[in-house]
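Residue numbers for the sequence shown follow the working numbering, beginning at 726 and rising by one. All C-beta atoms, glycine included, are put in the ideal place defined by N, C-alpha and C. A quick note: this is a predicted structure, and the numbers were derived from the prediction, not measured. Worksheet for the structure shown next.
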Amino acid sequence: MTFAIAVARFYEDLAERLVGGAQAAFAEAGAGEADVFDVPGAFELPMAAKLAAESGRYDGVACLGAVIRGETDHYDWVCAEAARGIQDVQLRTGVPCAFGVLTVDTMEQALARSGGDKRDSGRHAAEAVVALARLHAQLG
Numbered sequence: 726m727t728f729a730i731a732v733a734r735f736y737e738d739l740a741e742r743l744v745g746g747a748q749a750a751f752a753e754a755g756a757g758e759a760d761v762f763d764v765p766g767a768f769e770l771p772m773a774a775k776l777a778a779e780s781g782r783y784d785g786v787a788c789l790g791a792v793i794r795g796e797t798d799h800y801d802w803v804c805a806e807a808a809r810g811i812q813d814v815q816l817r818t819g820v821p822c823a824f825g826v827l828t829v830d831t832m833e834q835a836l837a838r839s840g841g842d843k844r845d846s847g848r849h850a851a852e853a854v855v856a857l858a859r860l861h862a863q864l865g
């Protein structure tokens with residue numbers, strides 16, 4: 726199986742931690758290293774996932790990034806549209822796409838969820854994609 730990672734680079738340090746967790750999970754699943762596609766922010770993740778899914782080269786896409794609450798409604802719009810868009814891609818294409826986007830209030834919360842312990846959203850997204858890809862292969 727071959728996988729892709731679409732990663733929002735707005736918070737570069739968080740992005741690297743999330744990618745590291747995802748790559749470790751893909752390797753542990755026997756899938757090797759995933760191809761990584763960078764986008765500026767979480768809002769762009771659905772399009773990256775769509776392009777990867779429609780390429781026919783991937784059995785799944787882990788979508789990773791972080792959105793940290795600010796003082797405006799921008800947070801709500803970006804989180805909602807990223808989640809909706811990623812879900813839409815997987816339902817329309819049949820290629821599993823996991824939502825590994827941190828939606829947090831503070832940088833401290835983001836750091837706690839971006840790797841190194843049991844709260845590793847990059848790892849969890851990759852594990853979800855692998856599980857769904859295996860289910861798809863089994864049933865499809």
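- Under the DSSP definition of a beta bridge, Ala750 lacks any partner.
- Within the same chain, Cβ atoms closer than 7 Å to the Cβ of Ala754 are found at Val855, the five residues on either side in sequence being excluded.
- For Val854, there is no enclosing beta strand (DSSP E); the enclosing alpha helix (DSSP H) covers residues 846 to 864.
- By the criterion of a C-beta distance shorter than 7 Å, Ala807 is surrounded in its chain by Ala767, Phe768, Leu770, Pro771, Val826, once the five residues flanking it on both sides are discounted.
- Closest in alpha carbon position to Arg838, among Ala862, Asp738, Glu758, Ala756, is Asp738.
- Annotation: the continuous beta strand (DSSP E) that includes Ala731 extends over 728 to 733.
- Per DSSP, Ala767 lies in no beta strand (DSSP E) segment and is marked neither H nor E.
- With respect to the 8 Å criterion, Val792 and Thr828 are classified as neighbours on the basis of their beta carbons.
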